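The sequence shown lines up with residues -23 to -1, 1 to 317 when you count with mature numbering (1 follows the signal peptide of the UniProt record, and there is no 0).
Where is the CB? At the ideal position from N, CA and C, for every residue including glycine.
Everything numeric in this text was worked out from a predicted model, so none of it was measured.
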Amino acid sequence: MGVSVVRLVAALGGLSLLVGLLASYRAGSEVQVFNQLTWKQDKPLYKLDVNWPKVQEQLTGQTFCVAVDHIHGLVYIGQRGGDNVPKVVVYGEEGYFLQAWNTTIEMPHGMFALNTLNASSIWITDVGTGENGHTVKQYNPLGQVLQVIGTPGKAGSGTNPLQFDQPAEIFVEETGDIYIVDGDGGINNRLLKITQDLKTLWLHGEEGSAITQFRIPHSVTVDSVGRVWVADRANQRIQVFDKITGEWLGSWSSCFTEDGPYSVRLTPDGKYVIVAHLNIGRISILAAPPVGLIGGCVVLDTIQLANEVRPHLLDINRQTGAIYVAEIGARQVQRYVPLN
């Protein structure tokens, strides 16, 4: 029956049909069929914006992360390099350079822009090992420090007070709740949800390959229906959790046999999961599952980048749907715009 289902979907060519079938077949052989399915679009879903940014001269280091403030039309880029390389470079949405910071960040890794109509802030994870490292820092749009989470300069696993060891990425909700994946190769392999006053609500923190365990949790995002998505990089899978309870909802691995997921984001309309693969230079566009179902992963389209580009982390404009990709090898950020 599974093969017949796939042939039917292929013949009719409907994405809505595919999503419906994913919702219908929850277990057993049908899920295995969809685990193996690559669903290529007749036309690509995104195209490269060759005119973004207008100038590259300010990007003088290795570009590790990017965050988009869609309300104010700003794109923040975190980079590493020598003393003369600014840690954060800010562009307008049209691609013009606006400003640069050279702050107390040692080695920026992950970045998140919290945007509301009343205030904006930029959150950056610092994986440095010096006196300012092993922390998560919150900045205002001018680069002034608002808050430092963690024990600067000291790696650890504590929760009271909070300690980190090379925290990889962060996601902050408008409610103030914070999700952190802590372990870009350090002693920790954990996902934390904390309140804005730094109380731990729930935690998954064991190293391993069983469910709820991690090996280099590298990226985290929360979708509009209350699911937390984690790129479990070294395990070559994505794990999904309920944001309220922390309950494990499912995982995807069959789409990541060539290279683990380095970054995970969802498009504003909730239709696609966007994943970056550093070692094979690829962006994967996956079908986002319906509410309450994770099921198997389905690749809808891919963007193959040039050799040695090495896409690390990405972000999506929540208004336009444009994808911004921070590329370590190419030392640049590229923008891809949706075609439909």
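Simplified DSSP state of residue i, which is helix, strand or coil
i	result
residue 298	coil
residue 292	strand
residue 140	coil
residue 304	strand
residue 315	strand
residue 195	strand
residue 134	coil
residue 97	strand
residue 152	coil
residue 205	strand
residue 106	coil
residue 147	strand
residue 200	coil
residue 60	coil
Terminal residues of the beta strand (DSSP E) in which residue i lies
i	result
residue 92	85 to 92
residue 170	167 to 171
residue 211	From DSSP, residue 211 is part of no beta strand (DSSP E); its letter is neither H nor E.
residue 42	39 to 46
residue 52	51 to 57
residue 287	From DSSP, residue 287 is part of no beta strand (DSSP E); its letter is neither H nor E.
residue 159	155 to 159
residue 276	276 to 281
Counterpart residues of residue i in DSSP-defined beta bridges
i	result
residue 19	DSSP lists no partner for residue 19.
residue 73	According to DSSP, residue 73 bridges with nothing at all.
residue 33	In DSSP, residue 33 forms no bridge with anything.
residue 122	116
residue 387	The structure shown does not extend to residue 387, since the chain is modelled only from -23 through 317, so no value can be given for it.
residue 261	252 and 279
residue 25	313
residue 177	171
residue 65	55 and 78
Inter-residue CB distance, residue i and residue j (contact presumed, cutoff 8 Å)
i	j	result
residue 300	residue 23	6 Å
residue 285	residue 257	The pair is not a contact, with the Cβ atoms about 11 Å apart (cut-off 8 Å).
residue 147	residue 171	About 10 Å separates the two Cβ atoms, so there is no contact after all.
residue 181	residue 142	At roughly 16 Å, the Cβ-Cβ gap does not stay under 8 Å, so residue 181 and residue 142 are not in contact.
residue 225	residue 189	5 Å
residue 98	residue 115	5 Å
residue 313	residue 280	6 Å
Closer than 7 Å: residue i CB and nearest the ligand PLP heavy atom
i	result
residue 58	No copy of the ligand PLP appears in this structure; indeed no ligand is present at all.
My parser needs the beta strand (DSSP E) runs of 3 or more residues fully inside the stretch 221 to 258; what are they? Taking only runs of at least 3 residues, the beta strand (DSSP E) segments lying wholly in the stretch 221 to 258 are 225 to 229, 240 to 243 and 249 to 254.
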